[in-house]
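Protein chains in written order, with the working numbering: chain A, 42 to 157; chain B, -9 to 101.
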Amino acid sequence: KAGVTQTPRYLIKTRGQQVTLSCSPISGHRSVSWYQQTPGQGLQFLFEYFSETQRNKGNFPGRFSGRQFSNSRSEMNVSTLELGDSALYLCASSPRGLAGITDTQYFGPGTRLTVL
Amino acid sequence: QQPVQSPQAVILREGEDAVINCSSSKALYSVHWYRQKHGEAPVFLMILLKGGEQKGHDKISASFNEKKQQSSLYLTASQLSYSGTYFCGSHGTQGAQKLVFGQGTRLTINP
């Protein structure tokens, strides 16, 4: 079974621009969660999508948004980029998602975003 | 609220044992443990549910003390491949649709 894939792997943007990141979950998984990873803050939950619906959202500003398509692929968008948005963005997929407490989260390799 | 992991970093020689702790000020319903090697994605290790159970495979095991709101990860006779950053993640309540991770513990195993 193919793992979780994320594109692009690396991205350099300038302040004020917007960016879209993509995540393709493991086949059959209906849940995709997004996390921001920085050296100082660790792994922080952004949001989770399940069957095209956002089920939960972390404490991030409205500049961070996402969506999920009928094939479970998900995109995350960040508008008006700030220097502090530089981070590794990870997505994780699972069959039932975070409501299924025993579900394992399968992480993708991440997209490294650098904002200049 | 983010679980607190301790220690933040530890350096061992191959064959030594390590314990990583994960504590929360709020009640824990479940604890997930992941390991992330440098430049790679986090990889699932195990899940523990409330009830004080202990799980393990190979020489890595974990316990979950519901009363103390704490989980501990035990690495016995550590191998070079155990190096990486270990994260605990917690569900505070049943059905809580959010997994909150600790800040991570960096483990370095030297020959």
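C-beta: ideal position from N, C-alpha, C; glycine also. These numbers come from a predicted model, not from an experiment.
- Message: Distance cutoff 8 Å, beta carbons only. Does A:L131 sit that close to anything in chain B?
- Response: yes
- Item | Identity of the residue in A:R56, A:N100 and A:Q77 nearest A:L129 by Cα | A:Q77
- Item | Residue range of the beta strand (DSSP E) that includes A:K98 | T94 to K98
- Message: Can you check which of these residues, B:A(-1), B:H28 and B:V21, is closest to B:C12 by C-alpha distance?
- Response: B:V21
- Item | Where B:S53 falls: helix, strand or coil (DSSP) | strand
- Using CA coordinates, which residue listed in A:G57, A:L131 and A:T145 is at the minimum distance from A:L124? A:G57
- Item | Chain-order list of residues whose beta-carbon lies under 6 Å from that of B:I99 (same chain, five-residue window excluded) | L2, E4, S68, L70, Y72 and S73
- Simplified DSSP state of A:G57, which is helix, strand or coil: coil
- Under 8 Å by beta carbon: chain A residues contacting B:L93: A small fix is needed here, since residue 93 of chain B is Gln in this sequence, not Leu. Chain A residues near B:Q93: Q82 and G83.
- Message: If we define contact as Cβ-Cβ less than 8 Å, is B:F77 a contact residue for chain D?
- Response: The chain inventory of the structure shown lacks chain D, comprising the protein chains A and B.
- Task: Starting from A:E116, trace the beta strand (DSSP E) both ways and give me its first and last residue.
- Result: S115 to V119
- Name, in chain order, the residues that DSSP records as bridge partners for B:R25. B:V33 and B:Y76
- Exposed or buried, what is B:D7 when buried is set at 16 or more other beta-carbons lying within 10 Å of its beta-carbon? exposed
- Message: Just to confirm before moving on: does the CB-CB distance between A:A133 and A:S74 stay below 8 Å?
- Response: yes
- Message: Is A:P136 close to chain B? Criterion is C-beta to C-beta, closer than 8 Å.
- Response: no
- Which class does A:L154 belong to by DSSP, given the choice of helix, strand or coil? strand
- Exposure of B:I109, with buried meaning 16 or more beta-carbon neighbours within 10 Å: A question about residue 109 of chain B goes unanswered here, because the residues of chain B that appear run from -9 up to 101.
- Query: Does the beta carbon of A:P150 come closer than 8 Å to any beta carbon on chain B?
  - Reply: yes
- Beta-carbon neighbours of B:L89, restricted to chain A and to distances below 8 Å: S74, F86, L139 and Q146
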